[in-house]
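For the sequence shown, the working numbering begins at 128 and goes up steadily by one.
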Amino acid sequence: MARHSHTRVAVEQGKSMSVNSLKGAFFARSALFASLALGIFLLTESVRAADPVVIKFSHVVAPDTPKGKAAEKFKQLAEERTKGAVKIEIYPNSQLYKDKEELETLQLGTVQMLAPSLSKFGPLGAKEFEVFDLPYIFPSQAALRSVVDGPIGARLLKKLEGSGILGLAFWDNGFKVMSANKPLHVPSDFKGLKMRIQSSKVLDAQMRALSALPQVMAFSEVYQALQTGVVDGTENPPSNLYTQKMHEVQKHVTVSEHGYLGYAVVVNKAFWEGLPADVRSALNAAMKEATAYANEIAEQENIKALDAVNASGRTEIYVLTPAERAAWRAALLPVHQEMAGRIGADLIESINTTVTGP
């Protein structure tokens, strides 16, 4: 009996040990799976944290223009200052969107950053930006900077916020030249010419004041339109004219400096304000440095472009005489009064006071 009883106890103990072994194996496997799951989660979070914020920066000009070079400079500085937390993707030459499309895509968030010419904000309801299109309103580069870098520039950028757009900076392109397949020395030379312009009521009035026929057209379409005779001429800073090869299809360029073409660097407001504060701070610092670079190189690039056009031998470059410039001014200055109701007489007066003194 005793032996039987011992045997029974041994069997019971054997059963007990088998169950404990199974429990131990189960908990060991559970701990392993939990550890693996935690590792996968941490790895996923690490990869997610390492994924850079992508900012698509779209523009319509060539990479070797002042704006194109400034965009590349901003990309370099932004990625350095954020230590790779932000990636800037630049799409030049209307690769993504044309003139008329880009502001709408910014508002929709399809792209996050643009640098449109100042004329383009008029159709958004910010008609005041068309003040930059007024002929001969800025007597010099220094006068221009005193406006855009001061209270007037800040107030203008503030007006964009109601459209879901945040203005970061003003970038120069430069003062414009006129081009055509005939000499343009005096206002009467423009009579009947089809001249391409950006969409701007001021530029429309400017060309009509010269008895020309203004034709609104996307920048990416201008070369072909000049080549085929759809339009006879255009106005541009020299860097735009040269990099788009317009001098190949325009026999005459007049250095008139009658108007200014500049840009506002803008972002989608909701996107920008959704970025972490430290990232925004780094990007603002990068933009400040890129803006100084943009405005420094613009004049140099335009001089180089005119030299290159001249060296090509395809186009005659003509500089207005003082008497001819006076005739242009006399023909074009009435546009200021004509557009005062649209732009705001007070704004025009404020700019005149800023650039000439009280």
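We put the CB at the ideal spot given by N, CA and C, even for glycine.
Using CA atoms only, rank isn't needed, just tell me which of Lys227, Gln342, Asp178 and Ala198 is closest to Ile424.
In the sequence shown, counting from the first residue as 1, residue 424 sits at position 297. For the residues Lys227, Gln342, Asp178 and Ala198, the minimum Cα distance to Ile424 belongs to Ala198.
DSSP has Glu216 in a bridge; who is on the other side?
As a working note, residue 216 is residue 89 in the sequence shown. Bridge partners of Glu216: Lys183.
So which of Leu402, Gly440 and Tyr387 has the shortest CA-CA distance to His374?
For the purposes of this step, residue 374 is taken as residue 247 along the sequence shown, with counting starting at 1. It is Gly440.
Cβ shell of Phe302 (< 6 Å), same chain only, five flanking positions each side left out
Locating residue 302 in the sequence shown gives position 175, where the first residue counts as 1. Excluding residues within five positions, the ones whose Cβ falls inside 6 Å are Glu384 and Tyr387.
What residue range is occupied by the uninterrupted alpha helix (DSSP H) comprising Gly484?
The residue given as residue 484 occupies position 357 in the sequence shown. Segment: none, Gly484 is in no alpha helix (DSSP H) and carries neither H nor E.
On the premise that Glu257 lies in contact with Ser327, defined as a C-beta separation below 8 Å, what is that separation, rounded to the nearest angstrom?
Counted from its first residue, the sequence shown places residue 327 at position 200. Counted from its first residue, the sequence shown places residue 257 at position 130. Going by Cβ atoms, the distance from Ser327 to Glu257 rounds to 5 Å, so yes, they are a contact pair.
Apart from the five residues just before and just after Ala352, which ones in its own chain have a Cβ nearer than 7 Å to its Cβ?
For the purposes of this step, residue 352 is taken as residue 225 along the sequence shown, with counting starting at 1. Hits under 7 Å: Arg323, Met344 and Val358.
Cα-Cα, which of Gly291, Ala253 and Leu283 is closest to Glu400?
Start at 1 with the first residue of the sequence shown, and residue 400 comes out as number 273. Closest by alpha carbon: Gly291.
Taking Leu340 as the reference, which of Gly319, Gln354 and Tyr350 has the closest Cα?
Here residue 340 corresponds to residue number 213 of the sequence shown, with the count starting at 1. Of Gly319, Gln354 and Tyr350, the residue nearest in Cα terms is Gly319.
Own chain, CB closer than 6 Å to Lys210, minus 5 neighbours either side, in chain order
In the sequence shown, residue 210 corresponds to position 83, counting from 1. Result list for Lys210: empty, nothing under 6 Å.
Whole-angstrom distance between Pro403 and Val563, CA atom to CA atom
Outside the displayed range of the chain (128 to 485) lies residue 563, so it cannot be described from this structure.
In three-state terms, what does DSSP make of Ser157?
Against the sequence shown, residue 157 aligns to sequence position 30. Summary for Ser157: the model assigns pLDDT 42, below 50, so the residue's position carries little reliability; its value from the coordinates is reported in the next sentence. Three-state result, Ser157: helix.
Nearest to Tyr218 (by Cα), restricted to the options Ala205, Ala242, Gln234 and Met305
Here residue 218 refers to the residue found at position 91 of the sequence shown. Closest option to Tyr218, judged by alpha-carbon separation, among Ala205, Ala242, Gln234 and Met305: Ala242.
Note the first and the last residue of the continuous alpha helix (DSSP H) segment covering Ser366.
As a working note, residue 366 is residue 239 in the sequence shown. Ser366 -> alpha helix (DSSP H) spans Pro365 to Thr370.
What residue range does the beta strand (DSSP E) around Ser273 cover?
For the purposes of this step, residue 273 is taken as the residue at position 146 of the sequence shown. Taken as a continuous stretch (DSSP letters only), Ser273 belongs to no beta strand (DSSP E), being part of the alpha helix (DSSP H) at Gln268 to Val275.
Thinking C-alpha only, which one of Thr442, Thr232 and Ser244 is nearest Phe346?
Locating residue 346 in the sequence shown gives position 219, where the first residue counts as 1. The shortest Cα separation from Phe346 among Thr442, Thr232 and Ser244 belongs to Ser244.
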